[in-house]
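So the sequence shown is numbered by my numbering: it starts at 31 and just counts up by one.
All C-beta atoms in this analysis are idealised placements derived from N, C-alpha and C, irrespective of residue type, glycine included.
Keep in mind it's a predicted model, so treat the numbers as computed, not measured.
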Amino acid sequence: AMGAEGITVDKLEDVGPALKKAIDMQMNEGKTTIIEIMCTRELGDPFRRDALSKPIRHLDKYKDYV
Numbered sequence: 031a032m033g034a035e036g037i038t039v040d041k042l043e044d045v046g047p048a049l050k051k052a053i054d055m056q057m058n059e060g061k062t063t064i065i066e067i068m069c070t071r072e073l074g075d076p077f078r079r080d081a082l083s084k085p086i087r088h089l090d091k092y093k094d095y096v
């Protein structure tokens with residue numbers, strides 16, 4: 031729909047071929063391709079382990095903002 035091609039990827043090993051196909055279609059046929067990568071619903075660890083913890087205020091003027 032809307033003039034773009036769509037590729038759905040279910041497995042990790044299919045990502046590379048999907049990207050190659052999308053690049054080939056863009057370069058050779060001028061078609062835009064949308065790649066939908068299906069992911070798990072499990073949440074991974076945040077980049078920083080303290081990202082979700084409350085901040086520690088070191089200055090008295092900010093103590094009320096915790």
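- By the criterion of a C-beta distance shorter than 8 Å, Glu72 is surrounded by no residue of its chain, once the five residues flanking it on both sides are discounted.
- For the pair Thr70 and Val39, the Cα-to-Cα distance works out to about 12 Å.
- Look at Gly74 here: in three-state DSSP terms it is coil, with no helix or strand label.
- Judged by DSSP in its simplified three-state form, Gly46 adopts helix.
- CA-CA distance, Glu43 to Asn58, rounds to 24 Å.
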